[in-house]
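K.L.:
The structure is given below, and queries will be raised subsequently.
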Amino acid sequence: MTVEPLQTMVSIRPLIAVLVSLLVIPILMSSARSPNVREAWTLGAAALKFLVVASMLPLVLGGFQIEYSIARVLPGYGLELRVDALGMLFALVSSSLWIVTSIYSIGYMRGLKEHAQTRYYCFFALSLSATIGVAFSANLLTMYLFYEVLSLATYPLVTHHQDPEARSSGRKYLVFILGTSIAMVLPAMVFIAQKTGTLTFAPQGIAAGTIGPQAATVLLLLFVFGFAKAALMPFHAWLPAAMVAPTPVSALLHAVAVVKVGVFCILRVMTSIFGTGMLTDLNISTAVCTIAAFTMIVSSLIALSQDGLKRRLAFSTIGQLSYIVLGAALLSKSGLIGAALHIAMHAFGKITLFFCAGAIFVASGVKNVSGMAGIGRRMPLTMAAFFIGSLSVIGLPPGGGFISKWHLAIGTVEAHQFVMLAALLVSSLLNAAYFLPVVYRAFFCPEPESLFTGPVQEAPTWCLLPPLLTAAASVVLFFYPQPFLDLARLAAQSIFGG
Amino acid sequence: MKEQLPALIVAVPLLAALLVTALWWFDRRLCFPIAIAAVGASLAAAVTLLLRVLSEGAVDYYLGGWPPPVGIAYRIDHLNGLIAVAVSLVSFLNLAACRTVAEQEFREKTGAFYALYLLFTTGLLGILITGDAFNLYVLLEISSLTGYALLGLGPGRAFLSGLNYVFMGTVGASLYLLGIGYLYVITGSLNMADIAAILPSLLPSNLVIMAFVLCLTGLFVKMALLPLHGWLPNAYTYAPSMVSSLIAPLTTKVMIYVMIRITLSVFSFDFAFDETLLRLPILWLAILAITIGSLMALSQRRLKKMLSYIVVAEVGYMVGGFWLGNRSGMSGAVLHIINDAFMTLCVFLAAGAIAFKAEDDRLRNLTGLFRTMPATMAALVVGALSLIGIPPTCGFFSKWYLISGGIEAGQYGFVAALIFSSLVNGILFFRVFEICYFEPTSPPHAYRYRRTVPAAGTGAVTEAPADLLTVLIATAVLLIVLGLYSGEIVTRVIHLALPPGLS
Amino acid sequence: MESLATFILTKYNYWAVIILLVIGLYAMIAKKNLVKKIIGMNIFQTAIILFYVSIGTKRGATLPIIEHAYGDSAHAVHAADYINPLPHVLMLTAIVVSVATLGVALALAMKIHAQYGTLEEDEIQEKIMESEPGSTSTSG
């Protein structure tokens, strides 16, 4: 298809993509008594969602934007969906990983005999609807709507165990996520609507010329911190707390969907509300860069000291999210490509790591890094996947993370932000410092006493397959990053031109 | 028949009230169908009238054929047409929900309950559509008196709180009457349009300002604007649940309508906002009402009392929004009248269901409700989200207009109060949900697929009665539907209800 | 001083109304006995009724009963000859309202008496505190 860039077509497909997982909820609820049927429906919905999203990929790559208007809820601002390159990239990542996570959920939840599994699958499906909704939002209002739905839908997942620990974590989760969005994003959004008269994302931004420099600085900070799902310090504390959730939740939501929604929103607001031109003129993005760099380094340092594997991963996620924010705040083309790519690459890498953490827990009950000595010999496949995942997150070939970090590094050079380049490299070193010891300990340290009955005891197949798949995907993405790279390039093109 | 619709809105429930009272002695089974048919007829008439107003403009109706200023005129325009639909729908929904609970709670007095219910609805709908300032007072007292009596049906402390409500309500209505007396002295008329036509020639006049202040003060007492809210929390808390879910959504909202009507249609926008210095003081009162109402709600230990204080805070939303004096703020206030009526209905119905089944609404005793009453709790969640202001529930959209109006008017204190109250509502409701969601002793991995574990000590709590539950879920769905259609409501109805020259 | 006296004397009806209003309000706020409060409420309402009645009267005017039939225009009707009937008629409604309010209030008071055995507000409060330990509210 050779067409001019950014032609618009109207189609209901984005809405279907959002609704698939919403409409499956009643079916899930009604099949609560037969888990097999219920899980088949979950998988079916996941596959269908992925197919609907993927079916729009050629169009987007061909330069189309797909639009659909749901309702005009406020005069001038409606609930509208629009699929563009950046949204497509994010939707593709989340919908494909939902399939894998669904498979993993079956193994994990059954393996641990978790309670209230129907509720778990229902809210999972709801979360995915909201995630795709954020990805496909055409304006800030729609994005805010799905953002809030996602905050609420994940609460029962985070507090799944319903014990005192889950209770306090859930409280922290809500205070950070819901509190910031109401107290910061909402007024900022109404202010922008009031001053500019529109909220629709535009490649050049909508705020230029109507909002003064001081107001813009305040608003930008309100957005950057208000989207607390991006876990920029000091609004990061919910993420480690949310690790009380069952591991599939941590894997898909707290390494991919929820947190990426946060950075995705920041990305959107910076590029399509303020516009890179305005941010460059006002020279206020350095502040965001600094916050991101600070978060990157500090969270990596904290990760070093964490013994709980999931908590270590959580702090690692906080750092990696800042990479994406940093990439956007660099306001350079390669930076943005790197940021967009990192959404995908980090997702595949980090979800692998979470899957492995969960698999280890299911197979052996071990949660802490210190207890994992020698575990590589018992669970070689799991730990191999873990190794590949960490390579990708650190940014070493042949992990896909190398490609996004490469672009990010070029971006810092393009933007002449050499301090940021240094921060990026130091942080990568720190990444290596907190991941590789885990691998080393697992493969090369002798186990203290026998944890296992047999010589090789992997987690159940349902739990083992997903990390292997995502680890393989991470490697494949290193050699063949085309779909994501093309989308990222398209997105950068529409914003920076050329 | 079609020409008589404005009269029918009021006459049908009024006559049905008499019929129900009489029939209670002959055939009790007929009472409920007659009551619901009467409210349904009012609803149908209100909807038809609103549609007519939308296509043809305001509808005038002269009672007994006497033209004003001699006779009493009913006048339905976009503003009261819309609110009349909302009020009659809330009344209809609540009546449809209440049968099982009411018959169990009131037993021998159920007939009286239905009759009072109908009279109360009559009074409120009359207030909405009348175009006569004194007639409004009479209808105000009809709804208040039946309201007192309805509260008096309750057990326990309802009598004492009801009596306090009588005192405050009477003072409020009397102050309004005094204000109308002043207006009559000045203009010699009681018809709203007539007064509005005469008043400009008499301005500026301290007497007119005095009349305005008296009317407003009376209404502030009636709508429970802080610091005149003292009667509300206890009255709503100790009332029978099916009464509080009727009175809580409607009374304060209708009083806010009266404030808007008196301000815009009797005294005129220019007078109220330019010639009196009332705008800022009232705005500050509203801010106070929002903040203090929210804080008081935080300190409550009973569900219904907490909800009552939220009502106090919500009154501040609407009063403040209206007195911002710009198009966004006023649209927000009117839209919030509609939205808040349904939100309050939703949460009070849910609270009523909980009180009915769990027989206790102390927050700490609500454990495990998500398991025992999942559908009720789901509806409560939707209502709560709407009160917090999460899209796509309708509460978000009225809050949007209010915040937008606040920014436009430069009243950042009001904006801050709104945000603060949203956050507090968030804390309030999630505190409740936390209690309902977490069990006192919850084994993390033990019970697989086990669905009914009776809560410790409280006995088996089951789902709410079917009629109540159906209405509750319908209301919850309505909150989302209203949210999605709020754009239509605002552009097609509310903007036409506001003064045309508004910025 | 003299002007103040004139001011008060010429508007004596308004002053009477204001004094009654204040008495009523005082009784409602300050009295502890519920029946006294109800009496205060009634005084408050009566004051307003008096206000309306007084604004309808005119010096030297008579009852608004026209001696000849409508249309039989033997002589024109001089409005100044008759007191204004409208406020008085309105007050018929207001009196009905006030009686009804009084009835409801007294009925509630009877219920309260049956429930707590007293009509003194502080004693009722004590009983409520006894029956509901931990109740923080200060008024019923």
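Chains as they are written, first to last, in my numbering: chain A, 550 to 1047; chain B, 2 to 504; chain C, 236 to 375.
Every residue, glycine too, gets a C-beta built ideally from N, C-alpha and C.
#1: Under 7 angstroms from any heavy atom of the ligand SAH, does the C-beta of Leu119 (chain B) make it?
#2: At which residues does the beta strand (DSSP E) containing Thr557 (chain A) begin and terminate?
#3: Buried or exposed: which applies to Trp26 (chain B), given that a residue is buried once 16 or more other Cβ atoms fall within 10 Å of its Cβ?
#4: Kindly list the residues whose CB is nearer than 6 angstroms to the CB of Leu748 (chain A), restricted to its own chain and excluding five residues on each side of it in sequence; keep chain order.
#5: At a CB distance below 9 angstroms, what residues from the stretch 484-500 of chain B approach chain A? Give them in sequence order.
#6: Opposite Asp61 (chain B) in the DSSP bridges: which residues?
#7: Quick check: is the beta carbon of Tyr670 (chain A) nearer than 8 angstroms to any beta carbon in chain B?
#8: So is Pro375 (chain B) buried or exposed if we call it buried at 16+ other beta carbons inside 10 Å?
#9: Taking the alpha-carbon positions, what's the His230 (chain B) to Ile293 (chain B) distance?
#10: Taking Cβ to Cβ, would you say Ala273 (chain B) is nearer than 8 angstroms to Met193 (chain B)?
#11: In the DSSP assignment, what residue or residues form a beta bridge with Phe613 (chain A)?
#12: Under the three-state reduction of DSSP, which class applies to Leu890 (chain A): helix, strand or coil?
#13: In the stretch 619-632 of chain A, which residues sit with their C-beta less than 9 angstroms from some C-beta in chain B, listed in chain order?
#14: Given that a residue counts as buried once 16 or more other Cβ atoms are within 10 Å of its Cβ, and exposed if not, what is Asn426 (chain B)?
#15: With a floor of 4 residues, list each alpha helix (DSSP H) that falls wholly inside the stretch 630-677 of chain A, ordered by position along the chain.
#16: Does the beta-carbon distance from Phe772 (chain A) to Ile726 (chain A) come in below 8 angstroms?
#17: Is there a Cβ of chain B sitting closer than 8 angstroms to that of Tyr287 (chain C), yes or no?
#18: When you check each C-beta in the stretch 262-279 of chain B against every C-beta of chain C, which residues fall closer than 7 angstroms?
#19: Of all Cβ atoms in chain A, is any one closer than 8 angstroms to the Cβ of Leu52 (chain B)?
#20: To the nearest angstrom, how far is it from the Cα of Gly112 (chain B) to the Cα of Pro624 (chain A)?
#21: By how many angstroms is the C-alpha of Ile959 (chain A) removed from the C-alpha of Arg944 (chain A)?
#22: Whose C-beta lies closer than 6 angstroms to the C-beta of Ser560 (chain A) among residues of the same chain, with five residues either side of it excluded?
#23: According to the Cβ coordinates, are Ala39 (chain B) and Val13 (chain B) closer than 8 angstroms?
#24: Taking Ile181 (chain B) as the query, report the chain A residues whose CB atoms sit under 8 angstroms from its CB, ordered along the chain.
#25: Report yes or no: do the stretch 480-499 of chain B and the stretch 241-252 of chain C share at least 3 C-beta pairs separated by less than 8 angstroms?
#26: Counting along the chain, where does the alpha helix (DSSP H) carrying Gln869 (chain A) start and finish?
#27: Name the residue from A:Val911, A:Gly775 and A:Ser849 whose alpha carbon lies nearest to the alpha carbon of Ser977 (chain A).
#28: Could you spell out the range, first to last residue, of the alpha helix (DSSP H) harbouring Phe936 (chain A)?
#29: In the DSSP assignment, the alpha helix (DSSP H) including Pro322 (chain C) goes from what residue to what residue?
#30: Please state whether the Cβ-Cβ distance between Leu828 (chain A) and Pro762 (chain A) is less than 8 angstroms.
#31: Between the alpha carbons of Met928 (chain A) and Thr766 (chain A), how many angstroms are there, rounded?
#32: Counting only Cβ-Cβ distances shorter than 8 angstroms, please list the residues of the stretch 227-250 of chain B near chain F, keeping chain order.
#33: Nearest by alpha-carbon distance to Ile495 (chain B): which of B:Leu429, B:Glu360, B:Ser387 and B:Ile339 is it?
#34: Express the C-alpha separation of Gly923 (chain A) and Val798 (chain A) in angstroms, rounding to a whole number.
#35: Given this structure, state the Cα-to-Cα distance separating Ile436 (chain B) from Ser676 (chain A), to the nearest angstrom.
#36: Report the three-state DSSP secondary structure of Thr394 (chain B) (helix, strand or coil).
P.N.:
To lay it out plainly:
#1: Absence of the ligand SAH from the depicted structure is noted, as is the absence of any ligand whatsoever, leaving it without description.
#2: The residue labelled residue 557 (chain A) in the question sits at position 8 within the first sequence. Counting along the chain, the beta strand (DSSP E) containing Thr557 (chain A) begins and ends at Gln556 to Val559.
#3: On the second sequence, residue 26 (chain B) is found 25 positions in, with the first residue counted as 1. Exposed is the call here.
#4: Counting from 1 along the first sequence, the entry for residue 748 (chain A) is found at position 199. Closer than 6 angstroms at the Cβ level, and outside the excluded window around Leu748 (chain A), lie Tyr626, Asn688, Leu689, Leu690 and Ala742.
#5: Gly484, Leu485, Tyr486, Ser487, Gly488, Glu489, Val491, Thr492 and His496
#6: Here residue 61 (chain B) is taken as the residue at index 60 of the second sequence, counted from 1. Per DSSP, B:Arg76.
#7: Along the first sequence, one-based indexing puts residue 670 (chain A) at 121. No, its Cβ sits nowhere closer than 8 angstroms to a Cβ of chain B.
#8: Within the second sequence, numbered from 1, the residue matching residue 375 (chain B) stands at position 374. By the neighbour-count rule (16 or more Cβ atoms within 10 Å), Pro375 (chain B) is not buried but exposed.
#9: The residue given as residue 230 (chain B) occupies position 229 in the second sequence. The residue given as residue 293 (chain B) occupies position 292 in the second sequence. Approximately 11 angstroms between the Cα atoms of the pair.
#10: Mapped onto the second sequence, residue 273 (chain B) falls at position 272. Mapped onto the second sequence, residue 193 (chain B) falls at position 192. Cβ atoms of Ala273 (chain B) and Met193 (chain B): not closer than 8 angstroms.
#11: Here residue 613 (chain A) refers to the residue found at position 64 when the first sequence is read from its first residue. Answer is A:Gln556, bridged to Phe613 (chain A).
#12: What you label residue 890 (chain A) is simply residue 341 of the first sequence in a count that begins at 1. Three-state DSSP puts Leu890 (chain A) in a helix.
#13: Ile619, Ala620, Arg621, Val622, Leu623, Pro624, Gly625, Tyr626, Gly627 and Leu628
#14: Position 425 of the second sequence holds residue 426 (chain B). Buried is the call here.
#15: 634-660
#16: As a working mapping, residue 772 (chain A) is identified with position 223 in the first sequence. As a working mapping, residue 726 (chain A) is identified with position 177 in the first sequence. For Phe772 (chain A) and Ile726 (chain A), no; Cβs fall outside 8 angstroms.
#17: By 1-based counting over the third sequence, the position of residue 287 (chain C) is 52. Tyr287 (chain C) counts as touching chain B.
#18: none
#19: For this step, residue 52 (chain B) is matched to residue 51 along the second sequence. So no, Leu52 (chain B) is outside the interface.
#20: As a working mapping, residue 112 (chain B) is identified with position 111 in the second sequence. As a working mapping, residue 624 (chain A) is identified with position 75 in the first sequence. Taking the straight line joining both Cα atoms gives about 46 angstroms.
#21: By one-based count along the first sequence, residue 944 (chain A) stands at place 395. By one-based count along the first sequence, residue 959 (chain A) stands at place 410. For the record, residue 944 (chain A) in the displayed sequence is Gly; it is not Arg. Looking at the two C-alpha atoms, the distance is approximately 14 angstroms.
#22: Reading the first sequence from its first residue, position 11 is the one you call residue 560 (chain A). Hits under 6 angstroms: Ile615.
#23: The residue you call residue 39 (chain B) lines up with position 38 of the second sequence. The residue you call residue 13 (chain B) lines up with position 12 of the second sequence. Taking 8 angstroms as the Cβ cut-off, Ala39 (chain B) and Val13 (chain B) qualify as a contacting pair.
#24: Taking the second sequence and counting its residues from 1, the one referred to as residue 181 (chain B) is at position 180. Going along chain A, no residue has its Cβ under 8 angstroms from Ile181 (chain B), so there is no contact; the nearest lies around 36 angstroms.
#25: no
#26: Walking along the first sequence from the start, residue 869 (chain A) turns up at place 320. It spans Leu858 to Ala878 - the alpha helix (DSSP H) in which Gln869 (chain A) sits, taken as one unbroken run.
#27: Within the first sequence, residue 977 (chain A) is the residue found at index 428, counting from 1. For the residues A:Val911, A:Gly775 and A:Ser849, the minimum Cα distance to Ser977 (chain A) belongs to A:Ser849.
#28: Indexing the first sequence from 1 puts residue 936 (chain A) at position 387. Note, Phe936 (chain A): alpha helix (DSSP H), Pro929 to Ile943.
#29: For the purposes of this step, residue 322 (chain C) is identified with residue 87 of the third sequence, where counting begins at 1. Pro322 (chain C) -> alpha helix (DSSP H) spans Pro320 to Tyr351.
#30: Position 279 of the first sequence holds residue 828 (chain A). Position 213 of the first sequence holds residue 762 (chain A). No; because the gap between Cβ atoms is not below 8 angstroms, this pair is not in contact.
#31: To locate residue 928 (chain A), count along the first sequence from 1; it is residue 379. To locate residue 766 (chain A), count along the first sequence from 1; it is residue 217. About 51 angstroms.
#32: Given the protein chain composition of this structure (A, B and C), no chain F is represented.
#33: Mapped onto the second sequence, residue 495 (chain B) falls at position 494. Closest by alpha carbon: B:Ile339.
#34: Sequence index remark: in the first sequence, residue 798 (chain A) carries index 249 (1-based). Sequence index remark: in the first sequence, residue 923 (chain A) carries index 374 (1-based). Roughly 27 angstroms separates the two Cα atoms.
#35: Here residue 436 (chain B) refers to the residue found at position 435 of the second sequence. Here residue 676 (chain A) refers to the residue found at position 127 of the first sequence. Using only the alpha carbons, I get a separation of about 23 angstroms.
#36: Residue numbering aside, residue 394 (chain B) sits at position 393 when the second sequence is read from its first letter. Thr394 (chain B): coil per DSSP, three-state reduction.
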